[in-house]
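Residues 14 to 872 (our numbering) are what the first sequence spells out, left to right.
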Amino acid sequence: MQEIEPTRYDFSSAEPRWQAEWEKAGCFAAPDVPTGGKPKYYVLEMFPYPSGKIHMGHVRNYTLGDVVARYKRAKGFDVLHPMGWDAFGLPAENAARENNASPAEWTYANIANMRAQLKRMGFSLDWSREFATCDASYYGQQQQLFLDFWKAGLVERRESYVNWDPVDMTVLANEQVIDGRGWRSGAVVEKKKLSQWFLKITDFAPDLLDGLKTLERWPERVKLMQENWIGFSQGAEVRFDLAAPVGGIGDVTVYTTRPDTLFGMSFLAIAPEHPVAKAVAEGNAGAAAFIAECASQGTSEAAIEAAEKKGFDTGLEVINPFTGERYPVWIANFVLMEYGTGAIFGCPCGDQRDLEFARKYGLSVPVVVAHADDDVSEIGAKAFDGEGVIVNSGFLTGLPTGKAKEAAIARLEELGVGKAVTNWRLRDWGISRQRYWGCPIPVIHCEACGPQPVPADALPVTLPNDVSFDKPGNPLDHHPSWRHVACPACGAAARRETDTFDTFIDSSWYFARFTAPQAATPTMAAAVNHWLPVDQYVGGIEHAILHLLYARFFTRAMHKTGHVAVDEPFAGLFTQGMVTHESYKDEQGAWLYPDEVSKQGELAVHRVTGKPVSVGRVEKMSKSKRNTVDPTLIIERFGADTARWFVLSDNPPERDVEWTEAGVQGSYRFVLRLAKLVEQIGAEGTPEAVEIYGSEAKKLRQLAHRTIAAVTEAMESFTFNVAVAKLYELANAIGGLNGEGADGRAARFEAAEIIAHLVAPMMPHLAEHLFARLCPGAGLIAANPWPEPDPALLVVDEVTMAVQVNGKLRATMIVPAGRGAEANIAQAMEAVSTLLAGQTIVKQIHVPDRIVNFVVKPS
RNA sequence: GCGGGUGUGGCGGAAUGGUAGACGCACCGGACUUAAAAUCCGUUGGAGCUUUGCUCUGUGGGGGUUCGAGUCCCCCCACCCGCACCA
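So, in structure tokens, the structure goes:
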């Protein structure tokens, strides 16, 4: 007969049981407007894109947030912890094209699947607030926000460049441009100008920069990245007259941060899209060809900057207002039309990029800046862009660079050819997307009246479901009836805007909507102003700039239009590292999921076809590269608590982690070991009160209370891996104490109860199981307060001190804590007496409770 | 290219300028078992030696500050993230 282990913890029945108990007790539901008077705490993780399955990145992200939410709840806060879906985006359209699926059906099916998986993880979420950004009840309110922004002057329509695939007749995302070609058609991508909607984020540039200073609980590096992105710079605009006008243009204005180096000019360079470049191209086939070549570079800044620096000499010349000399005008592929004025003056001695350009095309390299101490008269392979003294520069010669800037600007203004200018790298936010699966832009174009807002009573403008992806381009353009509508102003036949919003808009205000997801307006004042800002936001570092900056901007715009009362949406931010994994491609170069791949030693083959698979590098898990791992298998085999414990224990949360299955077994062993340990202790019954503890029992009590302090500290500082280590130590110590006396039993019981509380944020199901065994009738641990350490038990009475000679460890000694220098030095001297023999002590260093160091030399 | 980060045993990592390697994984040894699994106990950075222990060495590389550096400063290398239409 098979023997059954009676004490083995069965997660597969326990976890759903406790999830049901929490739901029954309503532990995690928060009201829109709480009245209990408790302090509020809003915990939010970046909501997921419903790709269909949760992956380890989600498990990590939501476990981190859940630890905070459960901990804060135990610390007596009203916690808001919602969940929803960032549900618009390209993958649904791709799925529609590939599998002939409806984007809406595909998306909602994915959501249903992922919701079940998240619920199985036991997160303390308030599911009553759930929404998807593709719900008309959400994006309709978003359309309302857009119209309010428009009224407030934050919306503009203007032209900008996109990646155009001339074969598929469609706009491509940067990630769809591979080596300058369309991912599907393989056609060379062109830059094309389209009329698009923009949000005027630059109106808030100074405020977005200043606001960073108030974000004390944001990582410094994220603030620094945002600061650089906003890119405040002070410089000058300088007008250069053309020696001969071209196409009716008589001058070119450049933006420069280095007006002090104007005497070091070697050439003037303009962007390929610059009006002068276009004028030149009219009568110059070479110029036209060069501009066309640049147009195939793609629109991304990375592509432009990483491309080989190339130029085309237009044959035009400009006159430098300071030197009176003539300089050649080049069209250069690294000059950006979007930044500054789309034209620069090249000063090779002070700018590395200019220097490389000058060397490549044999242009002059005048030296105008010298290091403070020595005067360098020749420039080698490196430009000098630091502070120095201006040389060979007429009236600026001899001035330090800072003063020279001021003097140069003053002279430019005097001559009427330039002025000081503040410039921002930040550009306005282009929000038009020529795509179907997004929020329709609520605008009607009328030939007579121009673009008109959709009237409030006609909102939401909903996406039609009966669309076809047979033809290339945006299905909204091909829909037989959707776009035909009467002009709200004059009633004439007009057409709907068929572009949809950038999906970054969807994620720019969802945190506000969560506070009152049913409200008939975008936000409800009492709720949104109670809960915002989010106290702890948790998400990937890959969102450090765009998503977080857009959300900060949106909050300001919503403040301006009366929808919220704050400017900063996220008071605290934690950026977790990414989960990485090997990536796989088949012979055709298509990405494969890890579970499609079978590895036999070094060789990898396709599980079904048996064809060879190339193993790529370890990189960020992403749906586009399909190198994701399905955590449901882990949950089935080991349970949610094991999965949660593992993602917390293996790595500091801010660091990247490579997912491997090794170690999960270890976490599972700990779950079983803890359950067994507490089972034994519970079986001993509630211990009697004890007055005097023996030294072993006292040591365990001290460790247990030190562990409370250490785990509490780890909770506050997001070092959950350290908390895990401390809990292992405590569990080992409880198991190690085999004292049979009443004091031993009492200490063990107390420590077991403490450990149940301390693991609760991380392994909530097991914690309930342990707590119910130890303290039946005390309710759910999810509804119990966090333990407080007894200060008397935190006092340390003995310490181990290091004894060093000349900084090298030679001995250790156990001494009473807090003992003075004299006694410690005397004992240390004794401990290393043989090493001190024949030496003269030059210096003694005593650090209380830590170290004694003798600095010696031979006598 | 520009901006931001990371680098410590076989692996993940710990360490207010003060005993580097806590804790976990893996490995090895032992106990239990007819056997295996599970469980429990113990060892483990490297090199060397006269091996109950001792010495040297060691935190990506090279310099520096300090009585003392994984930690602070300078230079370099490798890898990762972002770069505005992936989310």
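Don't be surprised by glycine CBs; every beta carbon is placed ideally from N, CA and C. Bear in mind the structure is a predicted one, so any value in this text is a computation, not a measurement.
Which of helix, strand or coil does DSSP assign to residue i?
i	result
Y550	strand
S730	helix
C459	strand
Q447	coil
P341	strand
P829	strand
W468	A quick correction: the sequence has Pro, not Trp, at residue 468. Of the three classes helix, strand and coil, the one that applies to P468 here is coil, per DSSP.
Q715	helix
D273	helix
L185	strand
P29	helix
A105	helix
L771	helix
E801	coil
Y152	helix
G359	strand
M278	coil
Rounded to whole angstroms, what is the Cα-Cα separation between residue i and residue j?
i	j	result
H492	V480	6 Å
P334	F253	7 Å
G263	Y174	26 Å
N837	K739	30 Å
K66	A125	10 Å
T76	D654	10 Å
E306	K418	36 Å
A129	F24	17 Å
P798	Q715	21 Å
E9	G652	Here the chain covers residues 14 to 872 and nothing more, so residue 9 does not appear.
F733	R668	12 Å
R171	V190	24 Å
E58	G70	12 Å
I332	Y340	6 Å
A805	A764	16 Å
G614	G623	A caution first: G614 carries a pLDDT of 43, below 50, which makes its placement in the model too unreliable to give a value.
Q247	Q365	20 Å
R133	E649	10 Å
A584	V551	11 Å
S377	C360	9 Å
Which word fits residue i, buried or exposed, when buried means at least 16 other C-beta atoms lie within 10 angstroms of its C-beta?
i	result
I647	buried
L561	buried
D470	exposed
R565	buried
N478	exposed
I705	exposed
E843	exposed
D388	Only weak support exists for where D388 lies, its pLDDT of 47 falling under 50; the coordinates are left without a value.
A540	buried
M182	exposed
By DSSP's criteria, residue i is part of a beta bridge. Which residues make up the other side?
i	result
R194	I191, V201
W98	A145
R170	W210
Q852	P871
Y268	E250
I721	None; I721 has no bridge partner.
- [ ] Would you be able to state if there are at least three C-beta pairs under 8 Å between the region 568 to 575 and the region 53 to 68?
- [x] Fewer than three Cβ pairs drawn from the region 53 to 68 and the region 568 to 575 lie within less than 8 Å of each other, which leaves the two stretches out of contact.
- [ ] Inspect the CB distances between the region 270 to 288 and the region 367 to 379 and report whether three or more fall short of 8 Å.
- [x] They touch, by the three-pair rule.
Open item on the list: Can you confirm whether the region 483 to 502 touches the region 157 to 168 when touching is taken to mean that 3 or more C-beta pairs between the two stretches lie within less than 8 Å?
Closed with: Judged by Cβ distances under 8 Å, the region 157 to 168 makes no contact with the region 483 to 502, as fewer than three pairs qualify.
Task: contact_flag[the region 81 to 89, the region 146 to 166] where n(CB pairs < 8 Å) is 3 or more - done: Flag = no, the region 81 to 89 and the region 146 to 166 do not touch.
Open item on the list: Within 8 Å, do at least three Cβ pairs link the region 444 to 455 to the region 467 to 480?
Closed with: Taking 8 Å as the limit for Cβ pairs, the verdict is that the region 444 to 455 does touch the region 467 to 480.
Open item on the list: Check whether the region 792 to 812 and the region 775 to 782 touch, using three or more Cβ-Cβ pairs below 8 Å as the test.
Closed with: Yes, the region 792 to 812 touches the region 775 to 782.
- [ ] Tell me, please, whether the region 848 to 867 touches the region 826 to 834 by the rule of three or more beta-carbon pairs shorter than 8 Å.
- [x] Yes, since at least three Cβ pairs between the region 848 to 867 and the region 826 to 834 fall closer than 8 Å, the two stretches touch.
Open item on the list: Measuring CB atoms only, is the region 317 to 333 touching the region 342 to 362, in the sense that at least three cross pairs come out at less than 8 Å?
Closed with: By the C-beta criterion, the region 317 to 333 is judged to be in contact with the region 342 to 362, since at least 3 inter-stretch pairs fall below 8 Å.
- [ ] Report yes or no: do the region 434 to 447 and the region 207 to 215 share at least 3 C-beta pairs separated by less than 8 Å?
- [x] Result yes; three or more Cβ-Cβ pairs closer than 8 Å.
- [ ] Decide if the region 512 to 527 is in contact with the region 152 to 161; the criterion is three or more beta carbon pairs, one per stretch, under 8 Å apart.
- [x] Result yes; three or more Cβ-Cβ pairs closer than 8 Å.
Task: Contact the region 656 to 666 vs the region 762 to 776: 3+ CB pairs below 8 Å - done: The region 656 to 666 is in contact with the region 762 to 776.
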